[in-house]
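Chemist: Protein chains in written order, with our numbering: chain A, 1 to 82; chain B, 101 to 182; chain C, 201 to 282; chain D, 301 to 382; chain E, 401 to 482.
Got a structure here, written out as structure tokens. Questions coming.
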Amino acid sequence: MEIGKIIGNVWATRKDPILNGMTFLIAELDDGKKIVVCDSIGAGVGDRVIITKGSGARKNLNTSSLPIDAVTIGIIDEKEEK
Amino acid sequence: MEIGKIIGNVWATRKDPILNGMTFLIAELDDGKKIVVCDSIGAGVGDRVIITKGSGARKNLNTSSLPIDAVTIGIIDEKEEK
Amino acid sequence: MEIGKIIGNVWATRKDPILNGMTFLIAELDDGKKIVVCDSIGAGVGDRVIITKGSGARKNLNTSSLPIDAVTIGIIDEKEEK
Amino acid sequence: MEIGKIIGNVWATRKDPILNGMTFLIAELDDGKKIVVCDSIGAGVGDRVIITKGSGARKNLNTSSLPIDAVTIGIIDEKEEK
Amino acid sequence: MEIGKIIGNVWATRKDPILNGMTFLIAELDDGKKIVVCDSIGAGVGDRVIITKGSGARKNLNTSSLPIDAVTIGIIDEKEEK
């Protein structure tokens with residue numbers, strides 16, 4: 001997984017209808033790259049999150065059948081590097 | 101997912117027959133990389149879109165059995181970064 | 201998907217037997233990276249092709265059970281960027 | 301797979317509930333990139349590990365239904381390059 | 401797929417038990433990156449091989465249920481670029 005900081009939102013009125021109701025957030029990864037993630041845990045701007053990419057992003061009750069490839073799985077409380 | 105801008109089209113007469121009727125667009129990602137995406141939402145040149153890559157690109161009624169790895173899932177109305 | 205140019209061939213006598221009969225081509229991607237792709241459409245050296253990577257490379261009648269991760273899905277006739 | 305060194309831990313109280321009880325470690329890959337991995341083998345800070353990414357990270361009794369994309373599969377005893 | 405040269409071995413006594421008996425090799429890709437691959441074809445140090453990554457690495461009789469993401473599928477006899 002990767003650690004990212006939620007820095008914004010993105011809205012799309014014209015979209016695959018199965019995505020209605022999903023929240024799309026912009027996350028900045030540690031290398032500066034910005035990606036779009038679906039939110040499954042109530043994350044918002046300013047939160048540092050753990051992001052799962054690929055098919056793992058659909059192993060969640062709310063996202064299992066969606067055409068997505070990135071999801072927030074946790075909001076980071078604390079990180080410790082040695 | 102990634103944000104890209106649709107900048108062109110690509111045509112292939114000789115292709116896997118299961119792809120007949122699909123539209124192939126050229127999208128430029130934020131890092132300048134150009135990829136080919138299938139369109140599922142009526143996107144065209146000039147639109148900024150959300151792109152799903154990998155197996156998620158086939159979680160769509162129109163693309164589920166296709167040999168593709170990237171699809172447009174939404175046309176961006178507005179993007180807000182803080 | 202990515203656009204690549206077929207620039208060569210690669211042969212492997214000792215291989216997973218399920219791959220017998222498959223053609224392996226060398227494709228150069230737009231960023232100069234060279235990858236090996238299976239061919240499903242009769243592509244050859246000099247052709248510009250659309251390449252699907254990952255599990256999508258096995259969504260084809262001829263490749264569905266193969267241990268591969270890249271396949272040609274179309275030979276490009278024309279590309280138009282605006 | 302990739303080789304990484306476990307350099308830290310990350311904690312998330314608010315997370316997908318299916319992840320309760322999983323250990324999240326920070327691994328530094330050979331190219332300096334840091335990723336978050338689930339642990340399936342008792343790895344800890346200081347261990348050099350083999351990391352599987354993508355859907356393969358869920359081919360483990362403990363991780364098969366989790367929204368994750370990276371897991372430790374072995375702690376390296378010895379590595380020999382020629 | 402990618403072309404790599406087998407340059408070493410890696411051993412892990414503490415590992416997911418389902419991996420017992422698998423050989424882990426170190427492969428150097430054309431861009432200099434080193435990855436760990438499972439061997440399914442009897443490859444050894446010095447061989448140039450074709451490597452399949454991702455879920456395709458498990459489309460092999462010996463690897464279908466393993467938590468791996470890269471496998472050797474062929475030992476290269478000859479490569480011809482034009």
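Glycine included, every Cβ here is placed at the ideal spot set by N, Cα and C.
Just so it is clear, the structure is predicted and the values come from calculations on it, not from any experiment.
1) Can you name the residues of chain A whose CB is closer than 7 Å to the CB of residue 130 of chain B?
2) Given that residue 303 of chain D touches chain E, what residues does it touch there, using C-beta distances under 9 Å?
3) Using a Cβ-Cβ distance under 9 Å, would residue 66 of chain A count as near chain B?
4) Helix, strand or coil: which one does DSSP assign to residue 18 of chain A?
5) Kindly list the residues whose CB is nearer than 7 Å to the CB of residue 343 of chain D, restricted to its own chain and excluding five residues on each side of it in sequence; keep chain order.
6) Alpha carbon to alpha carbon, how far is residue 132 of chain B from residue 168 of chain B?
7) With the cut-off set at 9 Å, would you say residue 15 of chain A and residue 309 of chain D are in Cβ contact?
8) Just to confirm, is the Cβ distance from residue 2 of chain A to residue 51 of chain A under 9 Å?
9) Just to confirm the assignment, what range does the beta strand (DSSP E) spanning residue 132 of chain B have?
10) Could you tell me which of A/39, A/59 and A/64 sits nearest to residue 22 of chain A, measuring between CA atoms?
11) Are the CB atoms of residue 304 of chain D and residue 345 of chain D within a distance shorter than 9 Å?
12) Pull the bridge partners of residue 325 of chain D from the DSSP assignment, please.
13) Which chain E residues are close to residue 371 of chain D, counting only those with a beta carbon under 7 Å from its beta carbon?
14) Check whether the Cβ atoms of residue 70 of chain A and residue 177 of chain B lie closer than 9 Å to each other.
15) Taking only beta carbons into account, state which residues of the region 445-466 of chain E come closer than 7 Å to chain C, listed in chain order.
16) Grouping DSSP H, G and I as helix and E and B as strand, with all else coil, what is residue 404 of chain E?
17) Do residue 159 of chain B and residue 66 of chain A have their C-beta atoms closer together than 9 Å?
18) Can you pull the DSSP bridge partners for residue 74 of chain A?
19) Going by DSSP, which residues form a beta bridge with residue 479 of chain E?
20) With 9 Å set as the bound, which would you pick, yes or no: does the beta-carbon of residue 43 of chain B sit closer than that to a beta-carbon of chain C?
21) Measuring CA to CA, which of E/447, E/441 and E/455 is closest to residue 219 of chain C?
22) Secondary structure at residue 257 of chain C, three-state DSSP: helix, strand or coil?
23) Can you find a CB in chain C that lies within less than 9 Å of the CB of residue 406 of chain E?
24) Determine whether the Cβ of residue 321 of chain D lies closer than 9 Å to any Cβ atom of chain E.
25) Using only the alpha-carbon positions, how far apart do residue 417 of chain E and residue 357 of chain D sit?
Modeler: The structure says:
1) Within chain A, the residues placing a beta-carbon under 7 Å from that of residue 130 of chain B are 34, ordered along the chain.
2) Correct list: 410, 426, 434, 435 and 436.
3) Taking Cβ atoms only, chain B reaches closer than 9 Å to residue 66 of chain A, which makes this a yes.
4) Correct three-state label for residue 18 of chain A: helix.
5) Answer for residue 343 of chain D: 306, 325, 349, 372 and 375, listed in chain order.
6) Each residue's alpha carbon lies about 21 Å from the other.
7) Against a cut-off of 9 Å, the Cβ pair of residue 309 of chain D and residue 15 of chain A comes out as no contact.
8) A contact, by the Cβ cut-off of 9 Å.
9) No beta strand (DSSP E) contains residue 132 of chain B, which DSSP labels as neither H nor E.
10) Distance check between residue 22 of chain A and each of A/39, A/59 and A/64 places A/39 closest, using alpha-carbon atoms only.
11) Result no, Cβ atoms of residue 345 of chain D and residue 304 of chain D do not sit closer than 9 Å.
12) Beta-bridge pairing links residue 325 of chain D to D/309 and D/337.
13) Under the 7 Å cutoff, chain E gives 467.
14) At the C-beta level, residue 70 of chain A and residue 177 of chain B stay beyond 9 Å of one another.
15) Flagged, chain order: 450, 452, 453, 454, 455, 456, 457, 459 and 460.
16) DSSP places residue 404 of chain E in strand when its eight states are reduced to three.
17) A contact, by the Cβ cut-off of 9 Å.
18) The partner list for residue 74 of chain A (beta bridge, DSSP) reads A/50 and D/315.
19) DSSP lists C/210 as partners of residue 479 of chain E.
20) Absent from the structure is residue 43 of chain B, since the part of chain B shown begins at 101 and ends at 182.
21) Closest option to residue 219 of chain C, Cα to Cα, is E/441.
22) Helix.
23) Not one chain C Cβ lies under 9 Å of residue 406 of chain E.
24) The Cβ of residue 321 of chain D sits no closer than 9 Å to any Cβ of chain E.
25) Whole-angstrom Cα-Cα distance: 15 Å.
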